[in-house]
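According to this note's numbering, the residues represented by the sequence shown are -5 to 163, in order.
The structure appears below as structure tokens.
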Amino acid sequence: MSSPPPAKTDEADASAAKKGGKKKLILIAVPVVLLLAGAGLWFTGILPHLLGMEKKDDQAAAEPAKPVPPSYVDVPEMVANLNSANRKPSYVKLAARVEVPKPDDVEKVKAALPRLQDMMQTYMREMRPEELRGSAGTYRLREELLARANAAVAPAKISDVLFTQMLVQ
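In structure tokens, the structure reads:
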């Protein structure tokens, strides 16, 4: 009589193992199916629409940002001696205009104009005539004057220095 009860236990263990296997399968299969469905909805573009994440193209098209044209401030004409090695006097005559991207900064630039002019003349006095030859020399001068102009008018910003007249003699 002792042998029949163990048979029932084996059947109970087998049925419990089958139930446990089904639970594991469900616990693995359901998240995988949900993940695949979510990925499919995302890549087709349906999920962002359902979640309210679509782009607001209508508002962007209705209110285009209008670019503000830059303002220009004239820098008075300057004449400076150049640093020449052969003691032959050389001069540079320069008239410029600075480009101010924000209209609010125009008054700040005008107020700092004496400091701006001083920094430009001080730099030009240290230049040699050879450094101003050709378009590369003019470009270097423009870049240096732009850096000094921004230092002179800080916190305002100057976006470019435009030469209206330049004479090297």
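Think of the CB as a built atom: it goes at the ideal place given N, C-alpha and C, for glycine as much as any other residue.
Can you tell me whether residue i is helix, strand or coil according to DSSP?
{"i": "MET72", "result": "strand"}
{"i": "VAL62", "result": "coil"}
{"i": "ARG91", "result": "strand"}
{"i": "MET121", "result": "coil"}
{"i": "MET160", "result": "strand"}
Please confirm whether residue i and residue j have their CB atoms less than 8 Å apart.
{"i": "LEU35", "j": "LEU41", "result": "yes"}
{"i": "ALA146", "j": "MET113", "result": "yes"}
{"i": "LYS87", "j": "GLU71", "result": "yes"}
{"i": "TYR66", "j": "LEU76", "result": "no"}
{"i": "VAL62", "j": "ARG91", "result": "no"}
{"i": "VAL73", "j": "ILE152", "result": "no"}
{"i": "THR158", "j": "ALA89", "result": "yes"}
{"i": "VAL162", "j": "LEU110", "result": "no"}
{"i": "ASP99", "j": "ALA31", "result": "no"}
Among the options, which residue has its Cα nearest to the Cα of residue i?
{"i": "ALA143", "options": "SER129, ARG127, GLY128 and GLN115", "result": "GLN115"}
{"i": "ALA148", "options": "MET121, ALA33, LEU107 and ARG122", "result": "LEU107"}
{"i": "GLU124", "options": "VAL26, SER78 and ASP99", "result": "SER78"}
If contacts are defined as beta-carbon pairs under 8 Å, then residue i and residue j qualify, I think. What distance do you get, rounded to the angstrom?
{"i": "GLU93", "j": "LEU135", "result": "Incorrect: roughly 16 Å between the Cβ atoms, too far for contact."}
Excluding the 5 residues preceding and the 5 following residue i in the sequence, name in chain order all residues of the same chain whose CB lies nearer than 6 Å to its CB.
{"i": "LEU139", "result": "MET114 and VAL155"}
{"i": "PRO25", "result": "none"}
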